[in-house]
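J.: Heads up, the first sequence is in this note's numbering, so the first residue is 43 and it goes up one at a time.
Don't be surprised by glycine CBs; every beta carbon is placed ideally from N, CA and C.
Computed from a predicted structure; not experimentally measured.
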Amino acid sequence: MIDVKLLRENPDLFLNSCRARGYGTESVESFFNLDRKWRELTSALNKTKHDKNVLSLEISRAIKERRSPDAIKDQVKELNERIRVMEEQVTQIESDREKELLMIPNVLDPEVKTCRGDDNNPFLRFQGNATVFREDLGEFMTRTENQGVFTEIDYRPMSHVDLQEKLNLVDLERAGKISGARFYFIKNRLFKLELALINYAVDFLSQRGFSVVEPPLMLNYDSMARATDIETFKESLYKIEGEDLYLIATSEHPIAAMLRDEVLDQKELPLRVCGVSPCFRKEAGAHGKDTKGIFRVHNFNKVEQFIFCEPEQSRDFHAELLANTEEIYRSLGLSYRVIDFCSSELSVLNARKFDIEVWFPSQGKFREVASASNNTDYQARSLNIRYRSKDGNRFVHTLNNTALATTRTMVAIMENFQDRPGNSIRVPDVLVPYTGFDTIGE
RNA sequence: GCUGGGGUAGCCUAGUCUGGUAAGGCGCAGGUCUGGAAAGCCUGUGCUCUCGUAGCUCGGGAGUUCGAAUCUCCCUCCCAGCGCCA
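#1: Buried or exposed: asparagine 188, going by 16 or more other Cβ atoms within 10 Å of its Cβ?
#2: Considering only residues of the region 166–204, which uninterrupted alpha helix (DSSP H) runs meet the minimum length of 4 residues and lie entirely inside it, listed in chain order?
#3: Counting only the same chain and skipping the five closest in sequence on each side, list residues whose C-beta sits under 6 Å from that of phenylalanine 337.
#4: With respect to the beta strand (DSSP E) encompassing serine 466, which residues constitute its N-terminal and C-terminal limits?
#5: Give me the Cα-Cα distance between methionine 145 and asparagine 171, rounded to the nearest whole angstrom.
#6: May I ask you to report which of helix, strand or coil DSSP gives arginine 46?
#7: Where glutamine 460 and phenylalanine 225 are concerned, what is the direct C-alpha to C-alpha distance, given to the nearest angstrom?
#8: What residue does the alpha helix (DSSP H) around alanine 299 start on, and which one ends it?
#9: CA-CA distance, phenylalanine 227 and asparagine 341?
#10: Here's a check: name, in chain order, each residue in its chain whose Cβ is nearer than 7 Å to the Cβ of phenylalanine 322, leaving out the five neighbours to either side.
#11: How would you call serine 137, buried or exposed, if buried means at least 16 neighbouring beta carbons within 10 angstroms?
#12: Start and end of the beta strand (DSSP E) containing glutamine 347?
#13: Assign phenylalanine 73 to one of three DSSP states: helix, strand, or coil.
#14: For asparagine 88 and leucine 76, what's the separation of their Cα atoms in angstroms?
#15: May I ask you to report which of helix, strand or coil DSSP gives arginine 231?
#16: Can you tell me whether glycine 190 is buried or exposed, with buried defined as 16 or more other CB within 10 angstroms of its CB?
#17: Less than 9 Å between the beta carbons of serine 373 and lysine 344, yes or no?
#18: If you drop the 5 nearest sequence neighbours on each side, which residues of the same chain put their C-beta closer than 8 Å to that of glycine 66?
#19: For arginine 167, I'd like the list of residues in its chain whose CB is within less than 6 Å of its CB, leaving aside the five on either flank, ordered along the chain.
#20: In the structure shown, what three-state DSSP assignment does lysine 407 receive?
#21: Would you tell me roughly how many angstroms separate the C-alpha atoms of threonine 449 and isoleucine 220, rounded to the nearest one?
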């Protein structure tokens, strides 16, 4: 939720943000219309309530002085009826105004480029040495603005779908039989690799000041609605039938909601939290995309980074979150590019967002593996998370970034570290202490 | 799931029986004092707005009443005991 005071003081800030995102400005205009009506009505209402309070005291006094209060009582009854009618109107206007307010997106970080379409997301940097099939060199160099470092190969590596079937690592068919498309059984050494990835990421973040939590996997409507936006409800969330509960789509949401309605001490900030959990997603907006394999699935495990901090520091911590994930992928030996997001591609919550996209040689594409968001005070205001400062209680800023989602990272490992005939997969060196083996297959 | 006890401002607590418009302490901020500090003393310290001799606020909602932290009902969360259970 945005800052109403700031909106009243500086409407242009929000109008410009809406325009840059490609949203209409109707919400802002409609808000001001309703706000004007609300001011007029609450003023009249408060005056009437004041009159009532005065008369009420008068009754108290009359009783003490042994005078009859009946005449005053009748007056108050009349006022009560007027108050009841006015309150109904105010409640309606407040609810309409609130709806408009929730439609107004966060103010963009001034660094965000005004542009549209994910093809135009500004490229920031490339890291690594990618294995690139000759035919994909054009795509690779375009996406890295000719800064990509690569090793050329003259064949297309096996897709993870074929490889995992060949090596008996995933059973999609039976998962489909019992649950449907986009479900999977992970088996054997691939499962141990998954545990290794989780443990590696948790250790990595623990060494960098993060506490670790396994969150509730379901949230009630109120907490979920405050932690996220309408788009997530439409595209991602599974509802539990007959209960006020939703399966989480990321541990970001329970971690953010964890501190809702709390006032933190300034000393507690920054608060770095690492969340580990399954994530459940309907993928409603992705019909036909990535239908095979485990790249896009209805549930997967993810290690998430989350930071609560003071407003002045959120840009620095955004950079820290990005650097952490880059370091994890670099240490795994995977090549990636970092992109900044276009104004039109950001979610309602985001002030700014970076993505990390790893090179998948069999697909011949960079694909998203991590998403680093700075939600400034937007999420914290909805969740009412504040801290005590010299200037009174202020809303914290919240930031999040994937540390590592297991399925996508395993796909990346399968596609980048398979041998030529697709008989085995090399385990990244940093994971060997966790897996206890250095090869899958053979 | 059952029984009992609880939820009051950032924290702790009084008020609830007997309805009359949230008392006090801690912490925090400012002032006074001081060479500087501590202590003491004074002031402020829930939210909203149009900033007032204003309105709202006692876990949430509904009811009774001129008036509810207080009485009634429903819900919720916490604690203890019992039951069930991986």
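T.: Taking the coordinates as given:
#1: exposed
#2: 179–185
#3: Val453
#4: 466–468
#5: 43 Å
#6: It should be pointed out that residue 46 corresponds to valine in this sequence rather than to arginine. Valine 46: helix per DSSP, three-state reduction.
#7: 23 Å
#8: 294–300
#9: 11 Å
#10: Tyr280, Leu289, Ile290, Ala291, His340 and Asn341
#11: exposed
#12: 341–351
#13: helix
#14: 18 Å
#15: helix
#16: buried
#17: no
#18: Cys60
#19: Val380
#20: strand
#21: 20 Å
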